[in-house]
Amino acid sequence: MLSSFFLDIVIMLTAAVAAVPLFRIVGIGTLPAFLIAGIAVGPSGLALIDTITEISQLSELGVVLLLFVIGIEVKPSRLWLMRRQVFGLGTLQVVATGALITATAYLLLDVTFSAAVVIGPALALSSTAFVLQLLSERRALHSEHGHASLAVLLLQDLAVVPLLALVPLLTMQQLTIGAEIAIALVEAIAILLAAVIGGRYLLQPILHRMAQTRSKEIFTAVTVLLVLGSAVLTEHLGLSMAMGAFIAGLLVADSPFRHEVISEIEPFRGLLLGLFFMSMGMSLDLSQFFAQPILTFSLLGALIAIKAIALWPLALAFGHRVRTAAAIAILLAQSGEFGLILFAYAFQSELLEDALYQQLILVVVL
1 MLSSFFLDIV
11 IMLTAAVAAV
21 PLFRIVGIGT
31 LPAFLIAGIA
41 VGPSGLALID
51 TITEISQLSE
61 LGVVLLLFVI
71 GIEVKPSRLW
81 LMRRQVFGLG
91 TLQVVATGAL
101 ITATAYLLLD
111 VTFSAAVVIG
121 PALALSSTAF
131 VLQLLSERRA
141 LHSEHGHASL
151 AVLLLQDLAV
161 VPLLALVPLL
171 TMQQLTIGAE
181 IAIALVEAIA
191 ILLAAVIGGR
201 YLLQPILHRM
211 AQTRSKEIFT
221 AVTVLLVLGS
231 AVLTEHLGLS
241 MAMGAFIAGL
251 LVADSPFRHE
261 VISEIEPFRG
271 LLLGLFFMSM
281 GMSLDLSQFF
291 AQPILTFSLL
301 GALIAIKAIA
311 LWPLALAFGH
321 RVRTAAAIAI
331 LLAQSGEFGL
341 ILFAYAFQSE
351 LLEDALYQQL
361 ILVVVL
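Residue numbers for the sequence shown follow this note's numbering, so the first one is 1 and each next one is one higher.
In C-alpha cells, the structure reads:
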C-alpha cells in the first residue's frame, strides 16, 4: 500500500516536471500546467493513478502553506498605504460581484441557496498569479491600472479568511445565512486580534531564542511546527486548516524573521500546492465537458461579463479614467486559484453536488 502511494507520487512528479517547462515555453502559466498534468495521469486521461485520497490529503498542505505565506505578506503598513483602493474598491468589488453571481446562480442555475452563497464570492475572486504575471510581462506593475488591480487582489486575499470560515457554518442547518456571515466576520476579526497579540508577546521571543541557536534545522522545525500546529488547532476548533495557517502567517508578519521564515517554507509551498492542483485535475470528469461544451463556454462567458460589468463602474466611481477602469475590469474578470480551493472545501463539506462541482472547476480552469 505504501509502495503504491510512493509510486503515485513519482508519477505525479514526473508529469509535473514534464508539463510545467513545456507549458512555460508556449507562454502558459504553471497552474494550468499542473491541472492538465493531473488530468493526463488521472482517470480521465491515461489512468496511471486510480485513487487520489491519500494524495489529496498530502497536497492540502500546499494550500495550508499558501495561506501561511499570504498571512506573512499582509503587513498593516502596506494596507494603510493603499487603504482607499484596498478597503474601498476592493471591498465593493468582492461584495457587488459576489452578490450578482450569487443571485444569478440561485435564480437561473437551480442550485441551493447555501451553494450559491459559496459560488458567488468564490467566483468573484481573481487569480493573483495570473494578474501579476500579465502585469509583469507588460511592464505595467507600476501603472495606474496595475496599482488598482493589486489593491483589489490584496483585499481578495483577505476575503479568503471569512470565506473559509463561512463554508463549515453553511452546513449547520439551524443558522440563517445572515447569522452565518456575521459569525464568519466575527471570527475573522477575532483572528486578527489574536494574531497581533500573540505575534508580539509570544511568538517573536520564541523565534528570537531559536535564531540564537544558529541552527538552521531547529529554525526550520519551529517554522513547520508553527504552521502545522496552528492548522491542527483551528481544525480542532471547527475551522479550516488553511485559516490556522493564515493566522500563523499574521503572527510572523511584523517579525524581523519573516524573510527567513518565507525562505524555509517557499520550496515546500510551491511543490505541495502544485500537487493540490494536480489532484484537482485528476478528479475532473471530462466526459461532462464533452457532453455539454456549449454550456461550459456559455457559463464562462457569462462569468467574465458579470465580473467586468460589475467592476467597471466601481473603478470609475473611484476616480479612474474610462480606459483605465476598463483595463482593471478586464484584467480581474477571470477567476483563480482561491475559487478552486473554496470549491474543494465546499465539495468536501457536501455543499456542492458532484456534477455542479465538476462544472465549476471546468469554468475556472478554462
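C-beta: ideal position from N, C-alpha, C; glycine also.
Checklist line | Cα-Cα separation between leucine 153 and glycine 249, rounded to whole angstroms | finding: 18 angstroms
Check: Are there 16 or more other CB atoms within 10 angstroms of the CB of phenylalanine 290, so buried, or fewer, so exposed?
Finding: exposed
Next item on the list: Check aspartate 354 in the structure and name its three-state DSSP category.
Entry: Aspartate 354 sits in a helix when the DSSP states are folded into three classes.
Next item on the list: With a threshold of 16 other CB atoms inside 10 Å of the CB of proline 121, please say whether the residue is buried or exposed.
Entry: buried
Checklist line | proline 256 (DSSP reduced to helix, strand or coil) | finding: Correct three-state label for proline 256: coil.
Margin query: If contacts are defined as beta-carbon pairs under 8 angstroms, then aspartate 285 and glutamine 358 qualify, I think. What distance do you get, rounded to the angstrom?
Written below: Going by Cβ atoms, the distance from aspartate 285 to glutamine 358 rounds to 5 angstroms, so yes, they are a contact pair.
Check: By how many angstroms is the C-alpha of phenylalanine 338 removed from the C-alpha of glutamine 292?
Finding: The alpha-carbon of glutamine 292 is positioned some 25 angstroms away from that of phenylalanine 338.
Next item on the list: Find the nearest neighbour of phenylalanine 5 within the set Leu35, Leu207 and Asp50, judged by alpha-carbon distance.
Entry: Asp50
Next item on the list: Under 7 angstroms Cβ to Cβ from isoleucine 361, same chain only, skipping five residues before and after it: list those, please.
Entry: Met280, Leu284, Leu340 and Phe343
Notebook entry, point to check: Apart from the five residues just before and just after alanine 37, which ones in its own chain have a Cβ nearer than 6 angstroms to its Cβ?
Noted result: Cβ neighbours of alanine 37 beyond the five flanking positions: Ala15, Ala16, Ala19 and Met278.
Next item on the list: Alpha carbon to alpha carbon, how far is valine 95 from histidine 147? Give it in angstroms, no decimals.
Entry: 20 angstroms
Next item on the list: Indicate the three-state DSSP secondary structure (helix, strand or coil) for alanine 329 in the structure shown.
Entry: helix
Check: Using the rule of at least 16 other Cβ atoms within 10 Å of the residue's Cβ for burial, across every protein chain shown, is tryptophan 312 buried or exposed?
Finding: buried
Notebook entry, point to check: Which word fits glycine 62, buried or exposed, when buried means at least 16 other C-beta atoms lie within 10 angstroms of its C-beta?
Noted result: buried
Item checked: Sufficient close CB pairs (3 or more, under 8 angstroms) joining the region 263-277 to the region 99-110 -> no
Next item on the list: Note down the Cα distance separating valine 363 from threonine 220, rounded to an integer number of angstroms.
Entry: 38 angstroms
Margin query: Looking at the ligand NAD, does it come within less than 7 angstroms of threonine 97, judged from the CB to the closest heavy atom?
Written below: Annotation note on the ligand NAD: not contained in the displayed structure, which lists no ligands.
Notebook entry, point to check: The alpha helix (DSSP H) spanning glutamine 334 covers which residue range?
Noted result: From DSSP, glutamine 334 is part of no alpha helix (DSSP H); its letter is neither H nor E.
Notebook entry, point to check: Just curious, the alpha helix (DSSP H) that phenylalanine 219 is in, first and last residue?
Noted result: 216-236
Next item on the list: Go ahead and label serine 263 buried or exposed: buried means 16 or more other beta carbons lie within 10 angstroms of its beta carbon, across all protein chains shown.
Entry: exposed
Item checked: Contacting residues, own chain, Cβ-Cβ under 6 angstroms from methionine 241 (five flanking each side not counted) -> Val64, Ala231 and Glu235
Check: Would you report the Cα separation of leucine 331 and glutamine 156, rounded to the nearest angstrom?
Finding: 14 angstroms
Next item on the list: Can you tell me the Cβ-Cβ gap for serine 255 and leucine 207, rounded? I've got them flagged as a contact below 8 angstroms.
Entry: 6 angstroms
Notebook entry, point to check: Between histidine 372 and the rest of its own chain, which residues show a CB-CB distance below 8 angstroms, the 5 nearest in sequence each way excluded?
Noted result: Limits of the chain in this structure are 1 at one end and 366 at the other, which puts residue 372 out of reach.
Note to self: Check this for me: beta carbons of leucine 41 and isoleucine 9, under 8 angstroms apart or not?
What the structure shows: For clarity, residue 41 is valine in the given sequence; the question names leucine instead. Result no, Cβ atoms of valine 41 and isoleucine 9 do not sit closer than 8 angstroms.
Margin query: Using 8 angstroms as the threshold, is the C-beta distance between isoleucine 265 and valine 69 below it?
Written below: yes
Check: Got a sec, what are the start and stop residues for the alpha helix (DSSP H) isoleucine 119 sits in?
Finding: Membership of isoleucine 119 in the alpha helix (DSSP H) is indicated by the continuous run 113-124.
Notebook entry, point to check: Using the rule of at least 16 other Cβ atoms within 10 Å of the residue's Cβ for burial, across every protein chain shown, is phenylalanine 113 buried or exposed?
Noted result: Answer is exposed; the Cβ neighbour count stays below 16.
Item checked: Euclidean distance between Cα positions of leucine 303 and valine 26 -> Rounded to whole angstroms, leucine 303 and valine 26 show a C-alpha spacing of 26 angstroms.
Next item on the list: Return the Cβ separation of leucine 366 and threonine 296 in integer angstroms, given the expectation that the two are a contact with Cβ distance under 8 angstroms.
Entry: 7 angstroms
Check: Are the Cβ atoms of leucine 108 and alanine 151 separated by less than 8 angstroms?
Finding: Taking C-beta atoms as the reference points, leucine 108 and alanine 151 fail to come closer than 8 angstroms.
Margin query: Between methionine 243 and leucine 170, how many whole angstroms is the CB-CB distance? I'm expecting something under 8 angstroms.
Written below: That belief does not hold up - the Cβ atoms of methionine 243 and leucine 170 are roughly 15 angstroms apart, past 8 angstroms.
Check: CA-CA distance, threonine 91 and alanine 315?
Finding: 12 angstroms
Note to self: Can you tell me whether arginine 269 is buried or exposed? The criterion is at least 16 other CB atoms within 10 Å of its CB, across all chains shown.
What the structure shows: buried
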